[in-house]
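> The following block contains the structure, expressed as structure tokens.
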Amino acid sequence: MKRYDLIVVGAGPSGLSAAIEAARCGLTVAVFDENAKPGGQLFKQIHKFFGSKEHQAKIRGYKIGETLLSEADAVGVKVFLNATVSGMYMDKEILVRRGDAMEHCKADAIIIATGASENMVTFDGWTLPGVIGAGAAQTMMNLYSIQPGQRVLMLGSGNVGLVVSFQLMQAGCEVIALVDASPRIGGYGVHASKIARCGVPFYLSHTITKAEGPDCITGVEISQVDDHFTPIPGTQKHFDVDTICMAVGLSPMSQLLKMAGCSMIDDPRRGGQVPLVDENGETSIPGIFAAGDVSGIEEASSAMIEGRMSGLSAAAYLGFLSEKDKDSSLNELEVALNSLHQGMFAPGSKGKAFTKTDEGIAVSQSLLKKGYLDEADIARFNHFDKKSGVHPVIECTQNIPCNPCQDACPKDCIKIGKTITALPRIDADSTCTGCGMCVASCSGQAIFLVDEDYEPGYASITLPYEFLPRPQKGDLGTALSRSGQPLGVAEIIDVRSAKAFDHTTLVTMKVPVAQAMTARFYKREAQRAEL
Amino acid sequence: MNRISEHPILGNTEMGRKVAFFMDGKQMEGYEGEPIAVALKAGGVMIHRYTQKNHEPRGIFCAIGRCTDCVMIVDGVPNIRTCITPLVSGMRIQTQDGVTALEVTE
Ligand SMILES: Cc1cc2nc3c(=O)[nH]c(=O)nc-3n(C[C@H](O)[C@H](O)[C@H](O)COP(=O)(O)OP(=O)(O)OC[C@H]3O[C@@H](n4cnc5c(N)ncnc54)[C@H](O)[C@@H]3O)c2cc1C
Ligand code: SF4
Ligand code: SF4
Ligand code: FES
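Top line first, the protein sequences correspond to chains A and B.
Here the first sequence stands for residues 1 to 531, where the numbers follow the UniProt record's numbering.
Here the second sequence stands for residues 1 to 106, where the numbers follow the UniProt record's numbering.
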């Protein structure tokens, strides 16, 4: 039987982070993952991540995975792929299936970082080919370069549903509608706005009542639901779609911990059955730890911190790290973790309806119901003295754990401060040069550059663009509002891409000055009537 | 065509070697090493199997080897999860009906 100081199950962000910390302290570490590729959820994520600079914010998910992997390599962590851990016992022995072979391994400490699995909901016809999970959509389009469908309806408005909808559009698929039984959009407003401005309608308080098709999906029927989530007869709407994508939540994959006899609790706010752990991730069995989504559904940023904490704790448990060194490292990480646990989307805030931001500004109801800010909201959030010339307009109005915009600006125009969940503010004393770094760095694509004085009667608007084909200088197209409604002709006056922008193209369009605060997207075809 | 040849973030897709395989006796093309299910999807195949009891169609659902909806008969072996099994040149894939191959009338 193979022996290690530490076994980590799961090579996602939490497992790899744990393994790296432990190996740095001198432990021999083996990581097992059932996938053929390491990185867990990260390898399917092609968007720029939220979080702070220390937690790799604004870096695209798959890049974070690659970095973790090479770090793990460098410190001698052994990563075994296609290796499913199917059993774990109290004496820290595990059973691994690799191909047809079963293998026993033993360690002095074990960290479980198995992540989460996707939830499903059932409706008439839900087993038909063409109904897929959001993870499946990501796997197909981002790993294997195949469109999951041509016309897709997304069920679920949490961050996964919002992010995957955007990724579907990037893959060239059409997202017909986003449906959620909840009366409010569950994910970040900035994610919702990215798809709303492309014209995707949101149907809140709606659910799928029927997936249609003889032997694969040809359409879908949705209905409005009442306060008890029961469909209201007579409210049906039909859409022609070939794919229904489900993004209805994740559940911790905590079976191994249960099997080993760790104390478990049911906690809906953490996503289901999770192990009882102390602040460093240690379960009720000494030397067995849990980190990442398996101990409560959160984010990669927190999963990495939790992973590092459990890795250090395992090292201390086995005597590779003095209590003093352990405490000082852990304190630092705890501060970082706490900072992520603030704001409206903190694990403890789940299900609460916020009416005001931490700053005391009334939240946008339009954002929660329709996915975009209405004009009155904008005035509430963008209170600054406008100087002449180009300046940033920041449409980020919820307290989310994110701050790359602050670090991005070489002129210190944007301030968030120490509390990472605070709203970004524009510093009136700094002068914007229009460099565009903030636009490209914003993970939520919520920053625009506006110049009301571009030409007499015309304003210029610079926006982030991540679709193909990219607009070209001189193109005429249509300016779209925050809700994706056509506003009139827009002329592309500048298109910028740079290595520092990391595949986000900065498109600048010229629109009538009256649209300076309403035009937020660009569609390539022009409206003929107005030319 | 539902292959993504150029992506705004991921760039140009690098495909493996083009190979031929057989789906219910009909010749199709795919890229070596990609999951069988991806090659089938590119060729427009949606139904992977029919359930034993009610003869209901099933296709890709999880795409990561967990749900078993996508299982088919591959080179004579039933219950192969096509979403995680790499395509090999000349493979014979058959729609699974219960636990046996679906009878195909040519
Ligand atoms: C669409 C989407 C968008 C997201 N966007 C963001 C974002 O912008 N910012 C952010 O911070 N987070 C984001 N997240 C969340 C983030 O991806 C997850 O919170 C994070 O990946 C959790 O890390 P983990 O290591 O706990 O689990 P995972 O990444 O899920 O990794 C778990 C690993 O364990 C393996 N495993 C499971 N069971 C076994 C077993 N029995 N044997 C062997 N291996 C096993 C799995 O194969 C997997 O590789 C997003 C998630 C999704 C789905
Ligand atoms: S465009 Fe450049 S200078 Fe202006 S706010 Fe953004 S990052 Fe700062
Ligand atoms: S404006 Fe700043 S805090 Fe808001 S999403 Fe963009 S980068 Fe994050
Ligand atoms: S689609 Fe779920 S196992 Fe293949």
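Here a beta-carbon is modelled for each residue, glycine too, at the ideal position from N, C-alpha and C.
For R524 (chain A), collect the residues of the same chain with a Cβ closer than 6 Å to its Cβ; drop the 5 residues on either side in sequence, then sort them by chain order.
One-based indexing of the first sequence puts residue 524 (chain A) at position 524. G477.
> Under 9 Å, do H55 (chain A) and M304 (chain A) count as touching if we go by C-beta distance?
Position 55 of the first sequence, counted from the first residue, corresponds to residue 55 (chain A). Position 304 of the first sequence, counted from the first residue, corresponds to residue 304 (chain A). It is a contact, given that the beta carbons lie within the stated cut-off.
> Any idea what DSSP makes of I244 (chain A), helix, strand or coil?
As a working mapping, residue 244 (chain A) is identified with position 244 in the first sequence. If DSSP states are grouped into helix, strand and coil, I244 (chain A) belongs with the strands.
> When the cut-off is 9 Å and only beta carbons count, does I36 (chain B) lie next to chain A?
For the purposes of this step, residue 36 (chain B) is taken as residue 36 along the second sequence, with counting starting at 1. No, no contact with chain A.
> Please classify N142 (chain A): does DSSP put it in a helix, a strand, or coil?
Along the first sequence, read from residue 1 onward, the residue named residue 142 (chain A) stands at position 142. Reduced to three states, the DSSP call for N142 (chain A) is helix.
> Is it the case that the CB of A192 (chain A) approaches a heavy atom of ligand 1 more closely than 8 Å?
Counting from 1 along the first sequence, the entry for residue 192 (chain A) is found at position 192. Checking every heavy atom of ligand 1 against the Cβ of A192 (chain A), none is found closer than 8 Å.
> What residue range does the alpha helix (DSSP H) around T508 (chain A) cover?
On the first sequence, residue 508 (chain A) is found 508 positions in, with the first residue counted as 1. T508 (chain A) -> not in any alpha helix (DSSP H); beta strand (DSSP E) instead, spanning 505-512.
> Can you pull every residue whose C-beta falls closer than 6 Å to some heavy atom of ligand 5, listed in chain order?
You won't find ligand 5 in this model; what it holds is ligand 1, ligand 2, ligand 3 and ligand 4.
> Within the structure, which residues are defined as neighbours of ligand 4 by a Cβ-heavy atom distance below 6 Å, reported in chain order?
Residues flagged by the Cβ proximity filter: B:I60, B:F61, B:C62, B:A63, B:G65, B:R66, B:C67, B:T68, B:D69, B:C70, B:R81, B:C83.
> With DSSP as the reference, please indicate the residues paired to L204 (chain A) in a beta bridge.
As a first step, residue 204 (chain A) must be located in the first sequence, where it is residue number 204. Paired residue(s): A:D180.
> Does the CB of F61 (chain B) have a neighbour CB from chain A at under 9 Å?
For this step, residue 61 (chain B) is matched to residue 61 along the second sequence. Cβ-Cβ to chain A under 9 Å: yes for F61 (chain B).
> May I ask you to report which of helix, strand or coil DSSP gives K78 (chain A)?
Along the first sequence, one-based indexing puts residue 78 (chain A) at 78. Three-state result, K78 (chain A): strand.
> Residues of chain A with a CB under 9 Å from the CB of E56 (chain B): which are they?
As a working note, residue 56 (chain B) is residue 56 in the second sequence. The contacting residues are T127, L128, D215.
> Within the 9 Å Cβ cut-off, does V42 (chain B) reach chain A?
On the second sequence, position 42 is the one that residue 42 (chain B) refers to. According to the sequence provided, residue 42 (chain B) is Ala. The question's Val does not apply to it. Chain A, which has a Cβ nearer than 9 Å to the Cβ of A42 (chain B), makes this yes.
> Leaving out the 5 sequence neighbours to the left and right, which residues in its chain are closer than 6 Å to Y465 (chain A) when beta-carbon positions are compared?
The sequence position of residue 465 (chain A) within the first sequence is 465, counting from 1. Cβ neighbours of Y465 (chain A) beyond the five flanking positions: T505, V507.
> Quick one: any contact between the region 256-271 of chain A and the region 288-301 of chain A, if contact means 3 or more CB pairs under 8 Å?
Yes, since at least three Cβ pairs between the region 256-271 of chain A and the region 288-301 of chain A fall closer than 8 Å, the two stretches touch.
> Would you say S89 (chain B) lies against chain A (beta-carbon separation less than 9 Å)?
Counting from one through the second sequence, the residue named residue 89 (chain B) turns up at place 89. So no, S89 (chain B) is outside the interface.
> Any idea if N399 (chain A) is buried or exposed, counting beta-carbon neighbours within 10 angstroms, 16 or more meaning buried?
Residue 399 (chain A) sits at position 399 when you count from the first residue of the first sequence. Buried is the call here.
> Inspect the beta-carbon positions of A459 (chain A) and V495 (chain A) and report whether they are closer than 9 Å.
Position 459 of the first sequence, counted from the first residue, corresponds to residue 459 (chain A). Position 495 of the first sequence, counted from the first residue, corresponds to residue 495 (chain A). Against a cut-off of 9 Å, the Cβ pair of V495 (chain A) and A459 (chain A) comes out as no contact.
> Thinking C-alpha only, which one of A:N35, A:T433, A:A316, A:T355 is nearest C409 (chain A)?
Reading the first sequence from its first residue, position 409 is the one you call residue 409 (chain A). It is A:T433.
> Closer than 7 Å, Cβ to any Cβ of chain B: which residues of the region 495-523 of chain A, in chain order?
Correct list: H503.
> Under 8 Å: do the region 191-208 of chain A and the region 473-491 of chain A share three or more Cβ pairs, one atom per stretch?
The answer is yes - the region 473-491 of chain A touches the region 191-208 of chain A, with three or more Cβ pairs under 8 Å.
> What does R3 (chain B) touch in chain A if you count any residue whose Cβ is under 7 Å from its own?
Here residue 3 (chain B) refers to the residue found at position 3 of the second sequence. Here the neighbours are S145, I146.
> In chain A, which residues lie with their C-beta within 7 Å of the C-beta of T13 (chain B)?
Taking the second sequence and counting its residues from 1, the one referred to as residue 13 (chain B) is at position 13. Correct list: S145.
> For the region 85-98 of chain A and the region 224-231 of chain A, state whether three or more C-beta atom pairs, one from each stretch, are separated by less than 8 Å.
Touching, no.
> Quick one: list the residues of chain B neighbouring N142 (chain A), beta-carbon separation under 8 Å, in chain order.
Locating residue 142 (chain A) in the first sequence gives position 142, counting from the first residue. L10, listed in chain order.
> Under a three-way DSSP split, which group does F381 (chain A) fall into?
By one-based count along the first sequence, residue 381 (chain A) stands at place 381. Note: F381 (chain A) maps to helix in three-state DSSP.
> What are the residues in the region 1-33 of chain A lying within 9 Å of chain B by C-beta distance?
Result list empty, no residue passes.
> Taking the alpha carbon of A30 (chain A) as the reference point, which residue from A:H206, A:P286, A:Q45, A:I94 has its own alpha carbon closest?
Taking the first sequence and counting its residues from 1, the one referred to as residue 30 (chain A) is at position 30. That would be A:I94, whose Cα lies nearest to the Cα of A30 (chain A).
> If you scan the region 213-284 of chain A from start to end, which runs of the beta strand (DSSP E) of 3 or more residues do you find wholly inside it?
DSSP runs (the beta strand (DSSP E)) wholly in the region 213-284 of chain A: 219-224, 237-239, 243-246, 250-252, 264-267, 272-275.
> What residues in its chain sit with their C-beta under 6 Å from that of G65 (chain A), if we drop five residues either side in the sequence?
As a position in the first sequence, residue 65 (chain A) is number 65, starting the count at 1. For G65 (chain A), where only same-chain residues beyond five positions count, the Cβ hits under 6 Å are G39, L42, F43.
> Can you name, in chain order, every residue of its own chain whose Cβ lies under 6 Å from the Cβ of I110 (chain A), other than the five neighbours on each side?
Within the first sequence, residue 110 (chain A) is the residue found at index 110, counting from 1. I7, K92, I288.
> Indicate, with yes or no, if ligand 1 has a heavy atom lying under 8 Å from the CB of I297 (chain A).
Translated into positions along the first sequence, residue 297 (chain A) becomes position 297. It does: the Cβ of I297 (chain A) is within 8 Å (strictly closer) of some heavy atom of ligand 1.
> Could you list which residues in chain B have their beta carbon closer than 8 Å to that of F467 (chain A), in chain order?
Within the first sequence, the letter at position 467 stands for residue 467 (chain A). P8, listed in chain order.
> What are the start and end residues of the alpha helix (DSSP H) that includes S14 (chain A)?
To locate residue 14 (chain A), count along the first sequence from 1; it is residue 14. S14 (chain A) -> alpha helix (DSSP H) spans 13-24.
> At a CB-CB cut-off below 7 Å, which residues of chain A make contact with M46 (chain B)?
Taking the second sequence and counting its residues from 1, one reaches residue 46 (chain B) at position 46. Going along chain A in sequence order, the residues near M46 (chain B) (Cβ under 7 Å) are P129, G130, C216.
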